[in-house]
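Visitor: Below you'll find the structure I mean.
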Amino acid sequence: MLFPHSKSSPQPIRVVITGAGIVTALGSGWRVNASGFRAGRSAFRAVTLFDVSRQRAKLAAEADLPAQLPPTRLTQKDSRRLDRAAQLLLLAAHEAWAQSGWAPSENLPLVLGTTSGGMAFGESYLQQSLTAPHSNRGQPSRIVHYNCQRQALDVCEAFGFQGPITIIANACASGANAIGHAFELVRHGQSEQVFTGGYDALCQLTFAGFDSLQALSPTTCRPFDAQRDGLTLGEGAAMLTLESLEHAQRRGAEILGEVIGYGAVTDNHHLTQPHPEGHAALAAMNAACTTAGISPAQVDYINAHGTATPQNDATEAAAINRWAGERAATLPVSSTKASIGHLLGAAGAVETVITLMALRGQWLPPQMNLKATDPACRFPIVRELRDAKLEIALTNSFGFGGANATLALRRWT
Amino acid sequence: MSRVVVHGLGAVSPAGWGVTALRAALERNTPLPTTSLARPGWDKAIQVRAVPPPATRPAFLAHPRLRRASPAAQHVVAAALEALGDDAERVQRGELRLGVIVCIMAGCVAYSRRFYEEVLKDPPTASPLIFPETVFNAPASHLAAYLGTPGINYSLVGDDGTFLQGLALGAQWLTHGQADACVVVGTEELDWIIADAVRQFSRSSVHTAGAGAIYLKRHTSDAEHETSGVAELAAVTDSFLFTKTQRRAEAARRMRAQLSPGNSDALFLSAQNCPRLDPGELAAWANWIGPRFAPKQLLGEAFNASAAWQCVAACDAVQTGRCPAVSVSVVGANQQAIGARLVAVNPTPRP
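Chains as they are written, first to last, in the working numbering: chain A, 2 to 414; chain B, 502 to 852.
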């Protein structure tokens, strides 16, 4: 039963990560992404997926999809029907699932974050409805695959499990909210394992939407730069297998890291603009640290939301300054969107995996393209790869509609 | 174990604005009249059931965030405010930490379709005012902004059953102290593109739009609160997915088996006279001898809004004393079968 839940635990349960999968424009998989971030690679290129000749911005971080997806329980026919979003999701899911060593289960919750789901199918559906209204060819399939739940069901079919599907669409915080919700399910004892993450593929509607808002950079994505002029979109997916520490240890799983805190707060200032003083961002970081039982002095790195829009970065800088206090002067911060762009609903999940990489490898992810740091930042921006002793890190995600989420992660030793 | 009580109901439907209009339409037990909706390239219009204009313009539409808001956002706010009742002011004063859950399947399709048509014509002229209203969480964000609540706020996407998952999530937030109260809203919008899409799967479905809201709070031992509850949320079943190995009929059968309704329950079904979608659910409940209601057959198909109206109508039947207990069966469009049971609020503690 989803309610009442017989398994709720009176004491919080420790939640660990035993599998992680990641796909970005840097490549598919943990290893290639880790080496890409360590090498300071930037993955932006001219958009090829749709026509951007009439848009202000021309660049995005497009992912290269493999010619063939890894083998799963999906048939070849099923696999051929998957759009970019579903393929990205499946690639990340396959890596995380394989690493975790999980077996199919009858009641495994799947919690995903996305902003667009199969939007490319929605675009095709409308185009055909307008240009060939009396042709039904392919239309029913487009409707089915447009729905976000179809991609989630594909993951269930691919790995042979069943359970409640929860899809959180909280704009650019969706991926972080999904992991946060999954964390809560395990932490409160409602489930021993949860498969979670976020995904989004580039699509014309979203690209044109951000361009219409003049939120896309016509030059280069430069988070926290004094001359920053907007974000650059990317695409990708990341998936995590979360489970209780006891469950992971019982089955002898390799533990990659621990999720220790989650905060979710709503900023009511404006539909698309954060409050300039970053009240909600500050509250989200505070809430995550309260759950984790940590103070700013114990945090060794922040993977910032850092979109490179003037408003976001100013607000986030204000929030980090206020939250960290004196600690700000020595607290390393970077935005990895400078390498892979803004992955929208996938961003929070992808950046959680990047933060996990940093904790596992004991290095700080460098941020490309920074020329002159915005003086609003009282904290140092990580500009080149460096080894560091990291125990605890935060990752921030903020979205349209005032969705603010922070996750706190701890290194596993 | 915490007990969770429904404290308020709200609805905007093709029957009108408010639960009273919904109740009256269901009591008439006659399908609401349809209206014609033109679609490009077709001489024949689609028959739909649109939400009628409100008798008077709601005051909340004067709020700066709601002037340009999509129909879905307007319906969400109206239904939520009706459900919250006097507690809306308590939320605005910061006396209640309100969790907000908005459940939707197709999203804000009217603005999305309009914006993408503008993009196809000439991208630089696509409206920057419309695009932000297309995101899934715009209605939930507008509701939070109107109420001034910074609390936890999720927009859940999925088929009709997502609304019942939303009820379970709201109950979870209350149980774990993440909110003092929670409003769960189901909504969908009307546009030719979605009405056309619905017809691809069922010629007999009539698309509609609107929102339904259920306001949840923890059960308290305070006598005043005990009597003010509408109904108690007794159970939400597991979500039984539609997969290759578990078809709709099997998912519906397992949902019914887990729900195990009492003999005196009234049953609120999601069936809509659709030969393609209904048989699994009807088979699962074939031997049910108690009273049964199918609001979609009168109101039309609006996915999460429909599931919300089912629950609102069910709770209303408990509150008005017409039924001591109700079971809600949702066999959704393409994801899951899920059920819920609601009972009269019992002043004595449940074991």
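For glycine and all other residues, C-beta sits at the position ideal for the given N, C-alpha and C.
I want to verify the contact list: residues of chain A whose CB lies under 7 Å from the CB of B/Tyr617, in sequence order.
Guide: Glu124, Leu127, Leu206
Visitor: Could you check where the alpha helix (DSSP H) with A/Met358 kicks off and where it finishes?
Guide: Boundaries of the alpha helix (DSSP H) around A/Met358: 348 to 362.
Visitor: Could you check what DSSP says for B/Met606 in three-state terms: helix, strand or coil?
Guide: coil
Visitor: Tell me whether B/Lys718 is buried or exposed, calling it buried when 16 or more other Cβ atoms sit within 10 Å of its Cβ.
Guide: buried
Visitor: Going by beta-carbon coordinates alone, are A/Ala97 and A/Met2 separated by less than 8 Å?
Guide: no
Visitor: Count the CB pairs spanning the region 20 to 38 of chain A and the region 59 to 71 of chain A that are closer than 8 Å, and state whether there are at least three.
Guide: yes
Visitor: May I ask you to report which of helix, strand or coil DSSP gives A/Leu60?
Guide: strand
Visitor: Using the three-state DSSP reduction, which class does A/Thr242 fall into: helix, strand or coil?
Guide: strand
Visitor: Can you list the residues of chain B that A/Ile180 reaches, using a CB-CB cut of under 7 Å?
Guide: The premise fails here: A/Ile180 is roughly 13 Å from chain B at the closest Cβ pair, so nothing lies under 7 Å.
Visitor: Roughly how many angstroms separate the alpha carbons of B/His508 and B/Phe769, rounded to a whole number?
Guide: 20 Å
Visitor: I'd like the list of long-range same chain contacts for B/His726, defined as Cβ closer than 6 Å, with 5 residues on each side in sequence excluded.
Guide: Caution applies to B/His726, whose pLDDT of 48 falls short of 50 and renders its modelled position unreliable; the model cannot decide the point.
Visitor: First and last residue of the alpha helix (DSSP H) that includes A/Asn287?
Guide: 280 to 293
Visitor: Tell me which residues of the region 254 to 280 of chain A have at least one Cβ-Cβ distance to chain B shorter than 7 Å, keeping chain order.
Guide: Ala265, Val266, Thr267, Asn269, Leu272, Thr273
Visitor: Under the three-state reduction of DSSP, which class applies to B/His708: helix, strand or coil?
Guide: strand
Visitor: According to a CB-to-CB cut-off of less than 7 Å, which residues of the region 153 to 166 of chain A neighbour chain B?
Guide: Leu154, Cys157, Glu158, Gln163, Pro165, Ile166
Visitor: Mind pulling the chain A residues with CB within less than 9 Å of B/His508?
Guide: Within 9 Å Cβ-Cβ: nothing; B/His508 doesn't reach chain A, min ~16 Å.
Visitor: Taking only beta-carbon atoms, is A/Gly210 less than 8 Å away from chain B?
Guide: yes
Visitor: In angstroms with no decimal places, state the Cα-to-Cα distance between B/Glu590 and B/Leu644.
Guide: 13 Å
Visitor: Determine the extent of the beta strand (DSSP E) in which B/Val837 is found, giving its start and end residues.
Guide: Sequence inspection shows Gln at residue 837 of chain B; the Val mentioned does not correspond to that position. Segment 837 to 844, the beta strand (DSSP E) holding B/Gln837.
Visitor: Using a C-beta to C-beta distance shorter than 7 Å, which residues of chain A count as neighbours of B/His677?
Guide: His189
Visitor: Please classify B/His726: does DSSP put it in a helix, a strand, or coil?
Guide: Residue confidence is low: B/His726 scores 48 on pLDDT, short of 50, so the model does not pin down where it sits. Its coordinate-derived value is still stated next. It is helical.
Visitor: Are any of the Cβ atoms in chain A nearer than 8 Å to that of B/Val636?
Guide: yes
Visitor: Kindly list, in the order they appear in chain A, the residues whose Cβ is closer than 9 Å to that of B/Asn654.
Guide: Within chain A, the residues near B/Asn654 are Asn171, Ala265, Val266, Thr267, Gly402, Gly403, Ala404.
Visitor: With H, G and I counted as helix, E and B as strand and the rest as coil, what does DSSP make of A/Leu111?
Guide: Judged by DSSP in its simplified three-state form, A/Leu111 adopts strand.
Visitor: So, is the C-beta of A/Ala282 closer than 8 Å to a C-beta in chain B?
Guide: no
Visitor: State yes or no: is the beta carbon of A/Arg55 nearer than 8 Å to at least one beta carbon in chain B?
Guide: Put simply, the CB of A/Arg55 is near chain B, with a gap under 8 Å to one of its CB atoms.
Visitor: Short of 6 Å in beta carbon distance, which residues of its chain neighbour A/Thr273, apart from the five on each side in sequence? Order them along the chain.
Guide: For A/Thr273, where only same-chain residues beyond five positions count, the Cβ hits under 6 Å are Phe401.
Visitor: What residues of chain B sit near A/Val145, judged by a beta carbon separation below 8 Å?
Guide: Asn835
Visitor: By how many angstroms is the C-alpha of B/Gln820 removed from the C-alpha of B/Ala714?
Guide: 15 Å
Visitor: Where does B/Gln773 sit, in a helix, a strand or coil, going by DSSP?
Guide: coil
Visitor: Just confirm the distance between the C-beta atoms of A/Gly258 and A/Leu360, as a whole number of angstroms; I'd bet it's less than 8 Å.
Guide: Yes, A/Gly258 and A/Leu360 are in contact; Cβ-Cβ is about 5 Å, under 8 Å.
Visitor: Residues in the same chain with beta-carbon distance under 7 Å from A/Thr220, minus the five sequence neighbours each way, listed in chain order, please.
Guide: Asp230
Visitor: With DSSP run on the structure shown, which of helix, strand or coil describes A/Leu131?
Guide: helix
Visitor: Closest by CA to B/Leu657, which one among A/Gly176, A/Gln140, A/Pro141?
Guide: A/Gly176
Visitor: B/Ser571 and B/Gly711 - do their beta-carbons sit closer together than 8 Å?
Guide: no
Visitor: Compute the Euclidean distance between the alpha carbons of A/Gln363 and B/Arg558, then round it to the nearest angstrom.
Guide: The alpha-carbon atoms of A/Gln363 and B/Arg558 are separated by roughly 59 Å.
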